[in-house]
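Participant: Following this message is one structure expressed as structure tokens.
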Amino acid sequence: MSNKERIIDYYKKLDRSYFMEDYKEDSHRDTPFPIGFGQTISQPSLVLKMTLLLDIEKDSKVLEIGTGSGYQTALLSKASKEVYTIERIKELYKKAKNRLKSAGYKNIKFKLGDGSLGWSENAPYDRIMVTAAAEKVPQALLNQLAKNGKMVIPVGSGFIQDLLF
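If you want it as structure tokens, here you go:
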């Protein structure tokens, strides 16, 4: 099974409602939903698209910026060797960490902090996934990307954003 097929297979099995406190009955819809603190759980098609663009290998070390609910983190975890995820909102950080640990995910390390700074102690990363838009690509993240590494990041402001990879 190719990496792409493996990711799609796990994506289809991943229960999005597990990562939602509200709107569980609508979790199958391809739309974002609020998770509190002005944040959302992304629409499933975007989560899959961004994950596939990252072109993760089984032995990849991945840095995720913006843990949120942990939905994309779970997909990254199944696709890679290890995931380092950073969330800036303490309440979301705690919920996602508890949720993912309770579900048995063992290859994820969690950090509360400013994702634009990355996590230099564990760099370099083969892949970097940024789940929230930035006005420009943070230099700190570029510095932590391994040679021949890949990053997916939405760049822009307001309602105009490009997905860079």
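Under this note's numbering, the first residue of the sequence shown is numbered 89, with each subsequent residue one higher. Beta carbons are placed, not taken as given, at the ideal position from N, Cα and C, and that holds for glycine.
Taking the beta strand (DSSP E) that Asn210 belongs to, which residues open and close that run?
Facilitator: Indexing the sequence shown from 1 puts residue 210 at position 122. Taken as a continuous stretch (DSSP letters only), Asn210 belongs to no beta strand (DSSP E), as it is neither H nor E.
Participant: What did DSSP end up calling Met239 once you bin it into helix, strand or coil?
Facilitator: Counting from 1 along the sequence shown, the entry for residue 239 is found at position 151. Strand at Met239.
Participant: Starting from Leu141, trace the alpha helix (DSSP H) both ways and give me its first and last residue.
Facilitator: Numbered from 1 along the sequence shown, position 53 holds the residue referred to as residue 141. Unbroken alpha helix (DSSP H) run through Leu141: 132–142.
Participant: Would you mind reading off the limits of the beta strand (DSSP E) that contains Glu170?
Facilitator: Taking the first residue of the sequence shown as 1, we reach residue 170 at position 82. 170–175 is the span of the beta strand (DSSP E), which, as asked, contains Glu170.
Participant: For Lys166 versus Tyr106, is the C-beta distance shorter than 8 Å?
Facilitator: Stepping through the sequence shown from its first residue, residue 166 is reached at position 78. Stepping through the sequence shown from its first residue, residue 106 is reached at position 18. Taking 8 Å as the Cβ cut-off, Lys166 and Tyr106 do not qualify as a contacting pair.
Participant: Where does the unbroken alpha helix (DSSP H) through Glu93 begin, and where does it stop?
Facilitator: The count along the sequence shown starts at 1 and reaches residue 93 at position 5. Counting along the chain, the alpha helix (DSSP H) containing Glu93 begins and ends at 91–101.
Participant: What would DSSP say about Glu113, mapped onto helix, strand or coil?
Facilitator: Along the sequence shown, one-based indexing puts residue 113 at 25. Correct three-state label for Glu113: helix.
Participant: Straight-line CA distance for Leu134 to Ala162?
Facilitator: In the sequence shown, the residue the question calls residue 134 occupies position 46. In the sequence shown, the residue the question calls residue 162 occupies position 74. Cα to Cα, Leu134 sits roughly 15 Å from Ala162.
Participant: Out of Pro212, Asn91, Gly158, which one is the CA nearest neighbour of Gly192?
Facilitator: Position 104 of the sequence shown, counting from 1, holds the residue named residue 192. Ranking Pro212, Asn91, Gly158 by Cα distance to Gly192 puts Gly158 first.
Participant: What separation, rounded to the nearest whole angstrom, lies between the Cα atoms of Ser148 and Asp114?
Facilitator: Along the sequence shown, one-based indexing puts residue 148 at 60. Along the sequence shown, one-based indexing puts residue 114 at 26. C-alpha separation (whole angstroms): 33 Å.
Participant: Exposed or buried, Gln227, counting other C-beta atoms within 10 Å across all chains shown (16 or more means buried)?
Facilitator: Taking the sequence shown and counting its residues from 1, the one referred to as residue 227 is at position 139. So Gln227 counts as exposed.
Participant: What is the C-beta distance between Gly206 and Leu229, in whole angstroms, given that I count them as a contact (C-beta under 8 Å)?
Facilitator: Your numbering for residue 206 matches position 118 in the sequence shown. Your numbering for residue 229 matches position 141 in the sequence shown. Indeed they touch by this definition, with Cβ atoms about 5 Å apart.
Participant: Could you tell me if Arg104 is buried or exposed, where buried requires 16 or more neighbouring beta carbons within 10 angstroms of its beta carbon?
Facilitator: Sequence index remark: in the sequence shown, residue 104 carries index 16 (1-based). By the neighbour-count rule (16 or more Cβ atoms within 10 Å), Arg104 is buried.
Participant: In chain order, what residues of the same chain have a beta carbon less than 6 Å from the beta carbon of Glu170, not counting five sequence neighbours either side?
Facilitator: The residue you call residue 170 lines up with position 82 of the sequence shown. Once the five neighbours on either side are set aside, the close Cβ partners of Glu170 are Lys149, Asn195.
Participant: With distances taken from CA atoms, which of Met217, Asp118, Gln160, Lys101 is nearest Gly54?
Facilitator: For the chain, the structure presents residues 89 to 253; residue 54 sits outside this window and is missing.
Participant: Do Gly156 and Ile174 come within 8 Å of each other at the CB atom, strictly closer than that value?
Facilitator: By one-based count along the sequence shown, residue 174 stands at place 86. By one-based count along the sequence shown, residue 156 stands at place 68. Not in contact: Ile174 and Gly156 (Cβ atoms no closer than 8 Å).
Participant: Relative to the C-alpha of Val240, which candidate in His116, Ile144, Leu200 has its C-alpha closest?
Facilitator: Reading the sequence shown from its first residue, position 152 is the one you call residue 240. Nearest option by C-alpha distance: Ile144.
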